[in-house]
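For the sequence shown, position 162 matches number 542 in my numbering, and the numbering has no gaps at all.
Backbone N, C-alpha and C define an ideal beta-carbon position, used for all residues, glycine too.
As structure tokens, the structure follows; a few thoughts come after it.
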Amino acid sequence: MIHTKRDNNITCINGIFSRPKRLYRVIILSITLISASLLFAQKTIPTPNPIRQNHAYIPLSDSAIYALIDSLERDHDRKKRRIFEKELAEGYLPVGAISLRVNRLINYNSYEGFKPVLGLKTNQHLSGNYSVGGFYSRSIKSKDNNYGAFVQFFFNPQKSDKLELAFQKDLNETGFFSFLDAYSAFSDERFRMFSTESVDLSKQISLSYTGQLSSNLRTEWSYNYTELAPMLYYPFLTNNQLVLPELKGHEAALRMKWQTPRDESISQTDSQIVPALWANIRYAKGNSSLPYDYLGLETQLETSLRLSTSLTSSLRLTAGNISGDLKASHLYSAFGTRGNLIGLESRYSFATMRPAEFAAGTFALAFVRASLQTGTKKEKGFKPLIIFSSSAGWANIPNSFKGHIATFNKGYYESGIYFADLLKHSILSYGIAFHYRYGPYQLQEHIDNLAIKIGLSVKL
381 MIHTKRDNNI TCINGIFSRP KRLYRVIILS ITLISASLLF AQKTIPTPNP IRQNHAYIPL
441 SDSAIYALID SLERDHDRKK RRIFEKELAE GYLPVGAISL RVNRLINYNS YEGFKPVLGL
501 KTNQHLSGNY SVGGFYSRSI KSKDNNYGAF VQFFFNPQKS DKLELAFQKD LNETGFFSFL
561 DAYSAFSDER FRMFSTESVD LSKQISLSYT GQLSSNLRTE WSYNYTELAP MLYYPFLTNN
621 QLVLPELKGH EAALRMKWQT PRDESISQTD SQIVPALWAN IRYAKGNSSL PYDYLGLETQ
681 LETSLRLSTS LTSSLRLTAG NISGDLKASH LYSAFGTRGN LIGLESRYSF ATMRPAEFAA
741 GTFALAFVRA SLQTGTKKEK GFKPLIIFSS SAGWANIPNS FKGHIATFNK GYYESGIYFA
801 DLLKHSILSY GIAFHYRYGP YQLQEHIDNL AIKIGLSVKL
């Protein structure tokens with residue numbers, strides 16, 4: 381116990397001040413303990429590490445978190461937009477992981493009548509490495525059921541290199557030929573199918589590989605086994621005694637497209653030629669029960685030239701030759717689109733020639749167009765596009781078919797004028813065209829040489 385005592389205003393602490401040596405020891409011990417504590421604290425405080433500081437977690441502020449979320453949302457939206465645009469360019473509308481084929485929802489030809497088509501496939505939302513799809517259609521008039529399926533494997537993100545295995549049972553236009561990526565999914569060239577009159581039933585299994593060999597050259601290698609049966613007697617036949625047998629055989633083909641990329645640095649007011657060149661090589665051989673063999677060669681050149689801000693010219697040249705032990709079903713005959721006086725405008729086909737009116741083993745076609753854009757100085761308002769066109773063609777048939785098949789070896793000619801963009805609604809544009817047939821194959825009645833076409837274009 382410590383006792384305090386006041387004497388003459390002096391305070392004494394008993395037990396301490398009464399012993400000076402003990403006080404000295406207490407002071408020395410206190411100083412020692414304080415020094416030891418300071419030394420221990422100095423050793424335990426970590427030395428700053430610049431590397432560790434650079435990688436240390438720094439909490440994000442609210443504004444930084446919002447900016448990160450916005451960036452992720454923009455990346456997601458850009459990916460969805462790329463998929464949407466790519467699918468739409470192929471004629472499909474993506475709905476989640478499934479794409480609906482919209483460019484052929486409704487078809488029509490005189491044999492089948494209306495032909496609604498339901499086409500579906502998977503898209504990149506499910507996988508960017510493969511796609512599985514198919515279609516089903518019901519012919520309202522002929523009561524035919526058409527269907528098909530395919531699986532595609534992609535070897536790069538751009539989907540430019542792909543392997544496809546497909547099967548289909550469908551009715552196709554007689555004498556039709558096509559080129560690799562010849563036109564866009566919503567081009568008015570597709571409207572030629574509405575004028576089809578002669579069709580063949582085709583059951584086909586095919587395997588194809590499409591690859592981009594360079595920035596300009598794209599190729600497709602394909603093999604197919606086809607069973608083909610004519611459904612009607614062909615209009616181009618002049619001999620009713622000619623037999624149209626069912627055909628079964630194999631075909632191997634190479635299709636190529638070469639196109640110069642458009643130079644975006646050139647102003648739209650400057651003249652610019654953008655050519656495209658196609659080539660097909662096909663070889664086919666029939667079964668031993670009904671043997672046949674042929675070699676088919678087709679080529680096409682298309683180019684355009686902007687002469688001024690309002691005037692553009694375009695040229696398409698198409699030629700083909702098929703030779704060998706042929707049947708009538710192998711001949712080219714898909715040239716004309718005049719099923720009736722009034723129809724749908726389809727560029728780069730003979731608007732006044734009847735469907736399958738003529739056939740050819742060898743042919744050459746030329747289509748020349750000049751487009752005049754009115755109202756170039758107006759931002760809005762009535763600005764129709766006026767297109768002047770002239771078309772010419774020549775064809776011949778193998779000697780074995782002469783006297784049995786009609787062809788246009790004297791030259792076929794027609795000209796027309798197309799008033800486009802007369803009416804616009806959303807992405808649709810409407811117009812009207814008039815075409816007239818003249819030359820060696822002009823018909824006796826003037827009205828039979830005239831074709832009136834309703835123009836419909838989709839502008840995305």
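So, Ala546 versus Ser588, is the Cβ gap smaller than 9 Å?
yes
Assigned exposure category for Thr756 - 16 Cβ within 10 Å defines buried: exposed
If you drop the 5 nearest sequence neighbours on each side, which residues of the same chain put their C-beta closer than 6 Å to that of Tyr510?
Phe533
* Assign Tyr603 to buried or exposed, taking buried as 16 or more other Cβ atoms, counted over all protein chains shown, within 10 Å of its Cβ. => exposed
Is there contact between the stretch 774-787 and the stretch 577-594, where contact requires at least three CB pairs shorter than 8 Å? no
message = Can you tell me whether Thr384 is helix, strand or coil according to DSSP?
response = At Thr384, the pLDDT of 44 sits below 50, so the modelled position is not reliable and the matter cannot be decided from this model.
Of the residues Ala750, Ile486 and Asn829, which one's Cα is nearest the Cα of Ser517?
-> Ile486
Checklist entry - Of all the options Glu600, Ser595, Gly555 and Asn596, which has the alpha carbon lying nearest to the alpha carbon of Asp580? => result Gly555
Hey, Tyr488 and Ser522 are a contact pair by Cβ (cut 8 Å); roughly how many whole angstroms apart? About 12 Å; that fails the 8 Å criterion.
Quiz item: By DSSP, does Tyr446 sit in helix, in strand, or in coil?
Solution: helix
Decide if the stretch 726-734 is in contact with the stretch 659-675; the criterion is three or more beta carbon pairs, one per stretch, under 8 Å apart. no
Along the chain, which unbroken stretches of the beta strand (DSSP E) at least 3 residues long are found entirely within the stretch 516-570? 525-534 and 542-553
Exposure of Leu765, with buried meaning 16 or more beta-carbon neighbours within 10 Å: buried
- [ ] Evaluate the contact criterion for the stretch 567-577 versus the stretch 719-729: three or more CB pairs, one atom per stretch, below 8 Å.
- [x] yes
- Would you kindly work out how many angstroms separate the C-alpha atoms of Ala632 and Tyr663, rounded to a whole number? 5 Å
Practice problem: Check the C-beta distance from Lys707 over to Leu612 and give it rounded, since I have them as a contact under 8 Å. | Solution: Their Cβ separation, rounded to whole angstroms, is 15 Å, which puts Lys707 and Leu612 out of contact at 8 Å.
Among the candidates Val482, Lys459, Tyr527 and Leu624, whose CA atom is the shortest distance from the CA of Ala504? First, the residue type needs correcting, since residue 504 is Gln and not Ala in the sequence shown. That would be Lys459, whose Cα lies nearest to the Cα of Gln504.
Notebook entry, point to check: Using the rule of at least 16 other Cβ atoms within 10 Å of the residue's Cβ for burial, across every protein chain shown, is Glu453 buried or exposed?
Noted result: exposed
Subject >> Per DSSP, the bridge partner or partners of Met872 >> reply: Only positions 381 to 840 of the chain appear in the structure, and residue 872 is not among them; the question remains open.
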